[in-house]
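Undergrad:
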Amino acid sequence: MRKQLLSLICIGLFFSSSAQEVAVSTDSISLSAAFDRFKLKDESLKFFYRPEWINGVMIHKRNVQTTMPLDSAINLLLTDTRLNFFLNNNHVVLLYNTQIVIPPILENDPKLDDGSGKENVQNLVFRQNTSSSNPEEQLYVIGNIKKFEKGGQSTIRGRVMTDSGPAEGVYIFNSSPFVSAISDEDGQFSLTLPNGINQIHFQSVSTIDTYRKVNLYSDGPLDVMLDVDVVALEEVVISAQKEKNINSTQMGLVTIDPKRLSIVPAFLGERDIIKVATSTAGVQNVGEGSAGINIRGGKADQNLFLIDNNTVFTTNHFFGFFSAFNSRGIGELSLYKNGIPAEYGGRLSSVFDITTKKPNSEKLEVNGGIGVVTSQLQIEGPINKAKTSFLINGRGTYSQYILNQFKNSSIGNNEVSFYDFTFKTNTKFSDKDEVSVTAYYSYDAFKVQSDTLLSFSDFSYENQIIGASWKHTFNENLFGILEVGNSHFSYLSSYDVLPTQAFNVDLFVNEFRVASRFDYFVNEHLNYKFGIETKAYSLSPGKKTPLNESSLIQEQRIDEEKALEVAPYFSAYYEVNENLAIDGGIRYSIYNTFGPATVNIYQAGEPKQSSSIIDTEYFQSGEVIHSNHGPEFRLQGRYLVGESGSIKVGYGRTRQNTHLLLNAASIAPTDVWRLSGPFIKPQIADQVSVGYFKNFFGKHLIEASVETYYKDINNLLDFKTGAELQFNTAIETDLLQGDGKSYGVEFSLSKNTGWLSGWLNYTYSRSFVRLNGSNPTEIINGGAFYPTGYDKPHYFNSVTNYKFTRRFTMTLNLVYSSGIPVTQPVGKWNFKSTENILYSNRNEYRIPDYFRMDLGFNIDVSHKLKKFSYSSWTLSVYNLLGRDNIYSIFFEVEDNEVKGYQMSIFPTPIPTITYNFKF
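Everything in the sequence shown is counted per the working numbering, starting at 21 for the first residue and increasing by one.
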């Protein structure tokens, strides 16, 4: 039997495969039945095999077309089996667990019918698959020998997986000749290599490096399972891929994936996904202990934070030292600094689109961390396997450890606590319908001494968010998503040091959102996105009530504000040719504010001040008070330069109707949200940008980019000197709106694979405002442009990650920036025997430059994959050099003298340790 089998194989090498066409539909049948269907189509077909080879082998969902050649159809049927085959006319010979290897002589001359074929056939090697469990010791045969071409090339298409799913961002390369690729979000890749023997390497920062030896005959598949290198931590690094940073039209996009990437500095024992975002080009904050982020010269309230497309109004814990988001429960964060997609709106500068992790639908999983500052726990798993799954996590602090480090600081004598929870369920009702529900809650409480900067004895604030989405797939080209959600932020403060002055202050802002979004994929060169978003706002700027019966405080209440914003949008992506692609869209905002409300009427031609109020007008509930509307254009283009570079240009207009009244560069819980109305115009920004992106391929992928931008802003909010923003019934008397502009250039370099990885960025940026009203009280700095309170011309940061072994990793973080602008006394003058201070122009001086170094270590207890549980230790030192970075400068008059003081937040190194676990 074996001699007959070998004879048939040798005969098969002399003849080309039959070109007859077949039509076999195999949804879910046995392989034997599939062969019978072949024979029904062509009675001359004969199959040679042992019955035990195919007993129990089932074929699932094979798409065999009627125009497909017989050898291609059989090759498709045998995918994912241990069977190979040879086709000689109408004879199909199956081989089980056997590889056919062509020696070099045959690789150089595959023609076996040239008179020397008999000798060459004797050199054929029929190699039994090795019994070794090590895939690196096996030879993988890819393609069909009948399609082998001398000196030709073939394409390998495959998928890279780990136990947790597709492996995105894996660096795949062949050494000789050098050819490389990066796996996409589905783990898929393709490589075009010379026919013959090749060795393909697979490398990723989160998996163990490996390789596969292949014998390539023609186009074919190769799927690879990778072992996770460090599985105890779901760490965070920036995800950058060739397909996205070069081929995409999108500019100013940073994607951060917490599940797979690991070159991240641990901050006070936590890998904070928002802190990672601030280590990228063009993203800044004003300093330690400051909440809020400034992007490309924008104010801190000009960033839209979304969690599963629901707005988050306050995004920080603990004076801004921690973000409000538990990174363990995040699936991905996409930061848009420019070219904001048309489906997003409501803020000028950026969108932080945070998607929570999709719960594990296969098994129960528990992970968490215990540290000296915070601890956290996450549980996820199936409720109804393959249909419904859940995820819940919580995080809390015992932050007195940190506060105790600052006995001489204004913060060190206070009490601070916070916690947050996230809950998500995901249900797949059918192949076409999927519903998810997300709930999020965070709470912060402070007990502050009355002589500190915040002045209240107690205050707290909380976020409450709930949202649901229903995704329906109409067909393979069109799907739609219906979303509904509610976001609520509230703030409460109390003062009880003096019983007669005791009071409560509370305020809130609420947003109810309904949206429908559709994606229509015409083909790989053209697709459309369209939909409509509706938001209903209601907010209370503040209410003050007496805390007890002995209090002499009178109740104060500012009218609640209500508004409705409707915004339809449409965008299209069109790939003109291989090099040129365009992405454009429009969003049209229609905004209305409603009563009940009382609106002041001012004397015409007079400045808005209390003395010029001549009347008031009352609006009934539901009556329109004010309306505004306008388009928001979005346009981007990409042109490929060579195989690994591209030039991109972009323009975007954004509008903002919700405003946070900030009288400082940083956000504080006491800041008040207000809506556009009769006296507050919508802020409008136009940004243009140009960028060059380049990937350098060697043993490891290196990405480089340079982007430059210019932004023009209309109706930028600012305030008069000495403005009173709380409990001001005529807030318009203290507000100013003027022109803003910002510009800059961003350089970025990153290396995301190998033992040494990381990134570095340098940003030069300027941000200015001009307040030049018609009245002298509305003119600042003579009506000229002057730096904003968050203008920092130079900003450099780097993250370096070195993997000493598979279990021991070190991370070094460096940050340098210019100091923020300040206004300070420059002299004094006397009037009627009273000494007064003469101040400089607004923001004419700067505080000293900022520099900080952080050091972290991660020690994995074990990286064995078959353990029931995994654990690791994270050690970090914040401000390793103990640099006394200045947060702010303030001045006081003491004994008829003006004295200046500098305030620092973290003047000493802060060591922390965290134990991480997963099972």
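Virtual Cβ for every residue (Gly too), placed ideally from N, Cα, C.
Under 8 Å by Cβ, that's how I've got Ile800 and Gln844 pegged, so tell me the actual separation to the nearest angstrom.
TA: Translated into the one-based positions of the sequence shown, residue 800 becomes position 780. Translated into the one-based positions of the sequence shown, residue 844 becomes position 824. In fact, because the Cβ distance is near 16 Å, the residues do not count as touching under 8 Å.
Undergrad: I'd like to know whether the C-beta atoms of Gly189 and Asp243 end up nearer to each other than 7 Å.
TA: Here residue 189 refers to the residue found at position 169 when the sequence shown is read from its first residue. Here residue 243 refers to the residue found at position 223 when the sequence shown is read from its first residue. Not a contact, by the Cβ cut-off of 7 Å.
Undergrad: Within the chosen definition, does the region 720-727 reach the region 769-776 through at least 3 CB pairs nearer than 8 Å?
TA: Touching, yes.
Undergrad: Would you call Lys919 buried or exposed, if buried means 16 or more other Cβ atoms sit within 10 Å of its Cβ?
TA: One-based indexing of the sequence shown puts residue 919 at position 899. Exposed, since its Cβ has fewer than 16 Cβ neighbours within 10 Å.
Undergrad: How many whole angstroms separate the CB atoms of Arg559 and Glu581, which I take to be in contact at a CB cut-off of 8 Å?
TA: Along the sequence shown, one-based indexing puts residue 559 at 539. Along the sequence shown, one-based indexing puts residue 581 at 561. Before going on, a small fix: residue 559 reads as Leu here, not Arg. Rounded, the Cβ-Cβ distance is 5 Å, consistent with contact.
Undergrad: For Arg862, which of Lys295, Phe739 and Glu363 has the nearest alpha-carbon?
TA: Start at 1 with the first residue of the sequence shown, and residue 862 comes out as number 842. It is Phe739 whose Cα lies nearest to the Cα of Arg862.
Undergrad: Using DSSP with H/G/I as helix, E/B as strand and the rest coil, what is Pro278?
TA: Here residue 278 corresponds to residue number 258 of the sequence shown, with the count starting at 1. Note: Pro278 maps to coil in three-state DSSP.
Undergrad: Please name the residue in Glu157, Gly670 and Ile390 whose C-alpha comes closest to that of Ser891.
TA: Taking the first residue of the sequence shown as 1, we reach residue 891 at position 871. Comparing Cα-Cα distances from Ser891 to each of Glu157, Gly670 and Ile390, the minimum goes to Ile390.
Undergrad: What residue range does the alpha helix (DSSP H) around Pro71 cover?
TA: As a working mapping, residue 71 is identified with position 51 in the sequence shown. Run containing Pro71: Pro71 to Ile74, per the alpha helix (DSSP H) assignment.
Undergrad: Lys771 lies in the beta strand (DSSP E); which residues open and close that run?
TA: What you label residue 771 is simply residue 751 of the sequence shown in a count that begins at 1. That run of the beta strand (DSSP E) goes Leu755 to Lys771.
Undergrad: Go ahead and pull the three-state DSSP assignment for Gly135.
TA: Looking up residue 135 in the sequence shown gives position 115. Reliability of the predicted coordinates at Gly135 is poor, the pLDDT of 39 falling under 50, and no value is obtained from them.
Undergrad: By the three-class DSSP mapping on this structure, what secondary structure does Thr520 have?
TA: By one-based count along the sequence shown, residue 520 stands at place 500. In this structure, Thr520 counts as helix in the three-state DSSP scheme.
Undergrad: Taking the beta strand (DSSP E) that Ser570 falls in, what are its first and last residues?
TA: For the purposes of this step, residue 570 is taken as the residue at position 550 of the sequence shown. Per DSSP, Ser570 belongs to no beta strand (DSSP E) and is neither H nor E.
Undergrad: When you compare only the Cα positions, how much space is there between Thr741 and Ile552?
TA: The residue labelled residue 741 in the question sits at position 721 within the sequence shown. The residue labelled residue 552 in the question sits at position 532 within the sequence shown. If I take the Cα positions, the gap works out to 41 Å.
Undergrad: Secondary structure at Pro929, three-state DSSP: helix, strand or coil?
TA: Start at 1 with the first residue of the sequence shown, and residue 929 comes out as number 909. Note: Pro929 maps to coil in three-state DSSP.
Undergrad: Does the region 663-678 come within contact of the region 625-635, defined as at least 3 CB pairs closer than 8 Å?
TA: No contact exists between the region 663-678 and the region 625-635.
Undergrad: How big is the Cα-Cα spacing for Met923 and Ile840?
TA: Sequence index remark: in the sequence shown, residue 923 carries index 903 (1-based). Sequence index remark: in the sequence shown, residue 840 carries index 820 (1-based). Rounded to whole angstroms, Met923 to Ile840 spans 13 Å at the Cα level.
Undergrad: Determine the burial state of Asp451: buried for a count of at least 16 other Cβ atoms within 10 Å of its Cβ, exposed for fewer.
TA: In the sequence shown, counting from the first residue as 1, residue 451 sits at position 431. Asp451 comes out exposed.
Undergrad: Alpha carbon to alpha carbon, what distance is there between Thr442 and Thr300?
TA: Within the sequence shown, numbered from 1, the residue matching residue 300 stands at position 280. Within the sequence shown, numbered from 1, the residue matching residue 442 stands at position 422. Thr300 and Thr442: Cα-Cα distance of roughly 26 Å.
Undergrad: Taking DSSP as the reference, what is the three-state secondary structure of Ser794?
TA: Against the sequence shown, residue 794 aligns to sequence position 774. DSSP places Ser794 in coil when its eight states are reduced to three.
Undergrad: Does DSSP classify Glu157 as helix, strand or coil?
TA: Taking the first residue of the sequence shown as 1, we reach residue 157 at position 137. Correct three-state label for Glu157: helix.
Undergrad: When you measure from the CB of Trp73 to every non-hydrogen atom of the ligand GDP, does any distance come out below 6 Å?
TA: This structure simply doesn't include the ligand GDP, nor any ligand for that matter.
Undergrad: Comparing alpha-carbon positions, which option in Pro627, Glu531 and Tyr237 lies nearest Leu3?
TA: Residue 3 lies beyond the range of the chain shown here (21 to 939); nothing can be said about it.
Undergrad: Just confirm the distance between the C-beta atoms of Leu211 and Ile217, as a whole number of angstroms; I'd bet it's less than 8 Å.
TA: Along the sequence shown, one-based indexing puts residue 211 at 191. Along the sequence shown, one-based indexing puts residue 217 at 197. Rounded, the Cβ-Cβ distance is 14 Å, inconsistent with contact.
Undergrad: What would DSSP say about Met245, mapped onto helix, strand or coil?
TA: Stepping through the sequence shown from its first residue, residue 245 is reached at position 225. Looking at Met245 - three-state DSSP - the assignment turns out to be strand.
Undergrad: Taking the alpha helix (DSSP H) that Ala93 falls in, what are its first and last residues?
TA: Translated into positions along the sequence shown, residue 93 becomes position 73. Start and end: Leu90 to Leu97.
Undergrad: Please classify Met271 as buried or exposed, where buried requires at least 16 other C-beta atoms within 10 Å of its C-beta.
TA: Taking the first residue of the sequence shown as 1, we reach residue 271 at position 251. Under this definition Met271 is a buried residue.
Undergrad: Under the DSSP definition of a beta bridge, which residues are partnered with Ser224?
TA: Taking the sequence shown and counting its residues from 1, the one referred to as residue 224 is at position 204. DSSP, once it has assigned bridges, lists Thr227 as partnering Ser224.
Undergrad: Taking only three categories from DSSP, how would you classify Gln304?
TA: Taking the first residue of the sequence shown as 1, we reach residue 304 at position 284. Reduced to three states, the DSSP call for Gln304 is strand.
Undergrad: To which residues does DSSP link Asn850 through a beta bridge?
TA: The residue you call residue 850 lines up with position 830 of the sequence shown. Glu855.
Undergrad: Please name the residue or residues paired with Trp693 in a DSSP beta bridge.
TA: Taking the sequence shown and counting its residues from 1, the one referred to as residue 693 is at position 673. Paired residue(s): Leu680.
Undergrad: I'd like to know whether the C-beta atoms of Leu546 and Asn599 end up nearer to each other than 7 Å.
TA: Here the question's residue 546 lines up with position 526 in the sequence shown. Here the question's residue 599 lines up with position 579 in the sequence shown. Not a contact, by the Cβ cut-off of 7 Å.
Undergrad: According to DSSP, is Leu368 helix, strand or coil?
TA: Here residue 368 refers to the residue found at position 348 when the sequence shown is read from its first residue. It is coil, neither helix nor strand.
Undergrad: Tell me which same chain residues have a C-beta within less than 7 Å of the C-beta of Ile943, skipping the five on either side of it?
TA: Any question about residue 943 goes unanswered here, given that the chain covers just 21 to 939.
Undergrad: Compute the distance between the beta-carbons of Ser268 and Ile315, then report whether it is under 7 Å.
TA: Here residue 268 refers to the residue found at position 248 of the sequence shown. Here residue 315 refers to the residue found at position 295 of the sequence shown. No.
Undergrad: Go ahead and label Asn497 buried or exposed: buried means 16 or more other beta carbons lie within 10 angstroms of its beta carbon, across all protein chains shown.
TA: Working through the sequence shown from its first residue, we reach residue 497 at position 477. It is exposed - the Cβ of Asn497 has fewer than 16 other Cβ atoms within 10 Å.
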